[in-house]
Ligand SMILES: Nc1ncnc2c1ncn2[C@@H]1O[C@H](COP(=O)(O)OP(=O)(O)O)[C@@H](O)[C@H]1O
Ligand SMILES: [Mg+2]
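Chains as they are written, first to last, in our numbering: chain A, 1060 to 1143; chain B, 1060 to 1143; chain C, 3 to 728; chain D, 1377 to 1597.
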């Protein structure tokens, strides 16, 4: 078995309005960070996973992301794996 | 000016209890993802930034993360930059 | 003494007392136990002597101070358990989690009495909102209370907020919880019966907040950074399960006693239970369910992980309890037993690793020297700011404009921004909720009677005159209950003060208590629970002496509740109490002169007692269309608040206009309305009750009219509603 | 008539809803533990408000996998009865895909508890049958994640089939698209609403509009 650090990044679908992202962007600009745009706020889930291969790990994480971690009506996700 | 895609990943400090992470981990295990541990749930902020150099971009983002995006008492952050 | 001991906050004298009591030197673990049990926060070593001044008995008192909460009898076998507690230091460091865990702690106190928590109230103090730090703290604290209280399913129905520079470095977060129980359900935090089992239930034990109690027993200074315990993170979801499971456990006759784990965790709670039962307790540290298996016994014992409770249950019945808590998905384990020897014994794999006499650990902390010394020598003086008297009148200021500006001050204005973030309706008992009246009213399903609750206090009054301020704090709570038509029954209080080793602070502490005690005696009201929070000061700032008083009252018939606002055009407006008084300590002086004034109008306790009786009679006879006490902001503010409810204005027939009369804040006054045809009945009752009164005018139109000036209610309401915009 | 109010870990309006059905309306009602799956004996199943599983991750995201929710599709398909989700219950139903769309964080990013005005958009359903078409009623809301959103096609379908039952009137408190406060599925067997009818079911708390919703659902016309 190998061990992986898994990161699942979840963000609102690009076509959806993200009020939180907008509020954060406004605040950042007020605090002096000019030249920014398109701010989106999402979720970030991190865990350790044991699996026989990268491929198996990735499949499993994709399945749980699809089914549970992200809501496909409003969110999309990306998966990052790193072997320990 | 160069343009960057910035991602700031924010997570609860490792020594702090993360009840959300615990609940999500329990749910993932019940849904069949065995062999996982140490689940933490954090935030993920993504935006575009124009800056003269990678270095300047990184400095600015570090400053805003420290000051605003993350709460240094309970959270830590990491920054990822990619030039467009 | 080593650095290690000093770091735990024990004094040389205390260390010697420990050695003398043990007849040996304590080991590291034992020293940790003492550090927590003897901390100011847990032992009340500097305040005990003064708290004894408070009256605590009465015929309805079922449980006075000494347990996790006080309990008062209502009607038909129903009782109410209540207590207020502070979470000031943790909230200053991390407002969201600090406030959230404060809510959790006080809820478990109520749970420990065998009651179901039915309401929360919160009293908050911040710096001025022109300071971004104060705003940030307020936003964090309010969202923390909202997060925890909403999720746990207990409505937050009242409280108050004041802004003052005195709280800029030390915000105050006091939370009160009210619970309902049948008399037969009453529980105590007691361990009894040799061989009976000790259970730990709720959340897993982790490395949270080790030394939180000692942290709360020191000033908040910059370099505490290093000593700062890990921030405790609350889990309201687990708390909700703990409530339901514990309510089930309380129905089992084999439950002997239960206690929440607050500051001090397992180092204090079992010892306190043993002290109450006159027994000892042995615990096996390896039985404690852990979040992190690498924790040392020291860390396990001193952990302040939230959402945990200790139960003492009859030997042989453990399985029943294990089942209940497992059903609710909670951690549960038998971690020890009651023993005959009156010691707190900690075992690790069969070996005793700490053992100290209960009597030494609980209540054995010597009174610090400074208490005796300060008590003899301290006088007021530095507590009183030099301020000018403003007996002179305002010149050409418009009363309407002054009123509008006052209504827009964050202390006076609407707190809607806050309480709309609180679920104040869950459990469907909230008949009068936040922002609607002086006190909240909760029905009891299936009963005719209802409960009224209030929480608050004004630190500025106490800074000016701690005795009068303490007295007023009790009077104001009484007025709030009388306004809705309820009879006050009992008091809980949280005394927030600066560093008690400063003589003036301790002097003010005593004065406040004497004031509260005298007022309580006048009304024959008992203090049944409370809390003390010292060390609310930084290098540069002390908070005002701030007693926060919580009170519970009984409305015998919910149909007799009195609304706050004007109800009908043509109703007659009456002021009960005197019209004239000083303007000292008022919000008006603060807003317009940036001053406090030189003195408070002294409260007339004789008149207070008369008003008490009269207001109760008026409510019972359903004579009043509305009632509201005069407090922050004074007479005109109270009238404006009455007009907002239905947008009804008033013609006021006031001629003796002075700052004191219109904006002074001395209590002992109510503004009531009555139908014109019942005016005679009202005045007759007032006369026979010995209450001075005068007619102020008539409810009419959509504007307030005063001495030829006129302002639309809607315009005032706008100012009032936009005062808090964070 | 027999009703069930589901108790999830973290439900907190379960008892309130039970009280209205059982004590105020006299309907035979059970509190149903979330592990139960034998649902056929009930004519009405209510998923109550609260914070099931702490609302961790997303409101309703964990509860949708609870055994009782997993048993709902069959209950619905066989036409055993009606399902109503109130607040957190509505969130669970959308997460489970039993109602279309999603409930996301309020535009203000804050929890909000207040009484709001609602307009009845369709009164030909069990839930709304005791109101007039376009009647304005008052009910309390209490939620942090009540902003209803759905893809345009879904919204089209909701409108075409008259599945939108209540909309916010005057002020939209959470930013819901089309002011949507309550919807049903196509067949009219699954209902979801953000407002809390159990909180306005007695004169003590307002107009009693909430009681009409329950009366309609249990056919106490
Ligand atoms: N200001 C006070 N007035 C009356 N009783 C008080 C006061 N402060 C503390 N008490 C009582 O002293 C006991 C110990 O309080 P505390 O240590 O806050 O309890 P807990 O163990 O719940 O933290 C309680 O019974 C409390 O009600
Ligand atoms: Mg306690």
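From the three backbone atoms N, C-alpha and C, an ideal C-beta is built for every residue, glycine too. Since the model is a prediction, treat every value here as computed from it, not as a measurement.
By the three-class DSSP mapping on this structure, what secondary structure does residue 333(C) have?
Strand, per DSSP.
Any idea what DSSP makes of residue 277(C), helix, strand or coil?
Note: residue 277(C) maps to helix in three-state DSSP.
Mind listing which residues of the segment 1105 to 1130 of chain B have their C-beta closer than 7 Å to chain C's C-betas, in chain order?
The segment 1105 to 1130 of chain B vs chain C, Cβ under 7 Å: nothing.
Once DSSP output is grouped into helix, strand and coil, what is the label at residue 494(C)?
Residue 494(C): strand per DSSP, three-state reduction.
So if I threshold CB-CB distances at 9 Å, which residues from the segment 1428 to 1440 of chain D count as touching chain B?
Cβ contacts with chain B come from 1429, 1430, 1432, 1433, 1437 and 1438.
What's the gap between the Cα of residue 635(C) and the Cα of residue 440(C)?
Computed Cα separation, rounded: 14 Å.
Spatial neighbours of residue 179(C) within its chain, please: C-beta separation below 6 Å, excluding the five flanking residues on both sides.
Counting only Cβ-Cβ distances below 6 Å, and skipping sequence neighbours, we find 108, 109, 112, 119 and 122.
Which runs of the beta strand (DSSP E) at least 3 residues long sit entirely within the segment 139 to 216 of chain C? Give them in chain order.
For the segment 139 to 216 of chain C, whole beta strand (DSSP E) runs of length 3 or above, ordered along the chain, are 158 to 165, 174 to 184 and 199 to 204.
Under the criterion of a Cβ to heavy atom distance below 7 Å, does residue 1573(D) qualify as lining ligand 3?
This structure simply doesn't include ligand 3; it includes ligand 1 and ligand 2 instead.
For residue 261(C) versus residue 297(C), is the C-beta spacing smaller than 8 Å?
Not closer than 8 Å, so no.
Considering only the beta carbon of each residue, do residue 492(C) and residue 200(C) sit closer than 8 Å?
Against a cut-off of 8 Å, the Cβ pair of residue 200(C) and residue 492(C) comes out as no contact.
Could you tell me the alpha carbon to alpha carbon distance between residue 1132(B) and residue 1083(A), rounded to whole angstroms?
Roughly 19 Å between the two C-alpha positions.
Drop a sphere of 10 angstroms on the beta-carbon of residue 582(C), count the other beta-carbons inside from all chains shown, and report buried for 16 or more, exposed for fewer.
Residue 582(C) is exposed by the Cβ-count criterion.
For residue 290(C) and residue 1386(D), what's the separation of their Cα atoms in angstroms?
Near 25 Å, if we compare the C-alpha coordinates of residue 1386(D) and residue 290(C).
Look at residue 723(C) and residue 416(C) and say whether their C-beta atoms are less than 8 Å apart.
Result yes, Cβ atoms of residue 723(C) and residue 416(C) sit closer than 8 Å.
Is the shortest distance between the beta-carbon of residue 417(C) and the beta-carbons of chain D less than 8 Å?
It does not; no Cβ of chain D falls within 8 Å.
Consult DSSP for residue 252(C) and reduce its assignment to one of helix, strand or coil.
Looking at residue 252(C) - three-state DSSP - the assignment turns out to be coil, as it is neither helix nor strand.
Is the Cβ-Cβ distance between residue 85(C) and residue 71(C) less than 8 Å?
Closer than 8 Å, so yes.
Got a sec: which bits of the segment 1469 to 1493 of chain D sit with their beta carbon under 9 Å from any beta carbon on chain A, in order along the chain?
For the segment 1469 to 1493 of chain D, which is checked against every Cβ of chain A, the residues closer than 9 Å are 1470, 1471, 1473, 1476, 1477, 1478, 1480, 1481, 1482, 1483, 1484 and 1485.
On the three-state DSSP scale, how would you describe residue 421(C)?
Of the three classes helix, strand and coil, the one that applies to residue 421(C) here is helix, per DSSP.
What did DSSP end up calling residue 507(C) once you bin it into helix, strand or coil?
Residue 507(C): helix per DSSP, three-state reduction.
For the alpha helix (DSSP H) that contains residue 23(C), what are its first and last residues?
Element bounds for residue 23(C): 14 to 24.
Do residue 1590(D) and residue 1397(D) have their C-beta atoms closer together than 8 Å?
Against a cut-off of 8 Å, the Cβ pair of residue 1397(D) and residue 1590(D) comes out as a contact.
With distances taken Cα to Cα, identify the nearest neighbour of residue 1420(D) among 1461(D), 1541(D) and 1527(D).
When only C-alpha atoms are compared, the closest one is 1461(D).
Give me, in chain order, the residues of the same chain whose beta-carbon lies closer than 7 Å to that of residue 591(C); leave out the 5 immediate sequence neighbours on both sides.
Once the five neighbours on either side are set aside, the close Cβ partners of residue 591(C) are 392, 585, 597, 598 and 599.
At a cut of 8 Å, does the segment 154 to 170 of chain C reach the segment 260 to 277 of chain C through at least three beta carbon pairs?
As far as the Cβ criterion goes, the segment 154 to 170 of chain C does not touch the segment 260 to 277 of chain C, which means the pair count is below three.
With distances taken between CB atoms, is the gap from residue 259(C) to residue 190(C) smaller than 8 Å?
For residue 259(C) and residue 190(C), yes; Cβs fall inside 8 Å.
For residue 1091(B), which of helix, strand or coil comes out of DSSP?
Reduced to three states, the DSSP call for residue 1091(B) is coil.
Could you tell me the boundaries of the alpha helix (DSSP H) in which residue 2(C) lies?
The structure shown does not extend to residue 2(C), since chain C spans only 3 to 728, so no value can be given for it.
Closest to residue 198(C) by C-alpha separation, out of 516(C), 497(C), 544(C) and 257(C), would be which residue?
Checked all of 516(C), 497(C), 544(C) and 257(C); the closest Cα to residue 198(C) is 257(C).
Just the C-alpha distance for residue 225(C) and residue 95(C), rounded to the nearest angstrom, thanks.
Confidence at residue 225(C) is low in this model, with a pLDDT of 46, below 50, so its placement is unreliable and no value can be given for it.
Which residue wins for smallest C-alpha separation from residue 1558(D), given the options 1549(D), 1568(D) and 1550(D)?
Among 1549(D), 1568(D) and 1550(D), the Cα nearest to that of residue 1558(D) belongs to 1568(D).
Taking the continuous alpha helix (DSSP H) assigned at residue 402(C), which residues delimit it?
Run containing residue 402(C): 401 to 409, per the alpha helix (DSSP H) assignment.
Measure from the alpha carbon of residue 1555(D) to the alpha carbon of each residue in 1433(D), 1483(D), 1579(D) and 1388(D), then state which is nearest.
Ranking the options by Cα distance to residue 1555(D), first place goes to 1483(D).
Using a cut-off of 7 Å between C-beta atoms, extract the partners of residue 1090(B) located in chain D.
Neighbours of residue 1090(B) on chain D, chain order: 1441.
Show which residues of chain C have a CB atom less than 9 Å away from the CB atom of residue 1388(D).
Result: 152, 153, 154, 155, 156, 242, 425, 428 and 429.
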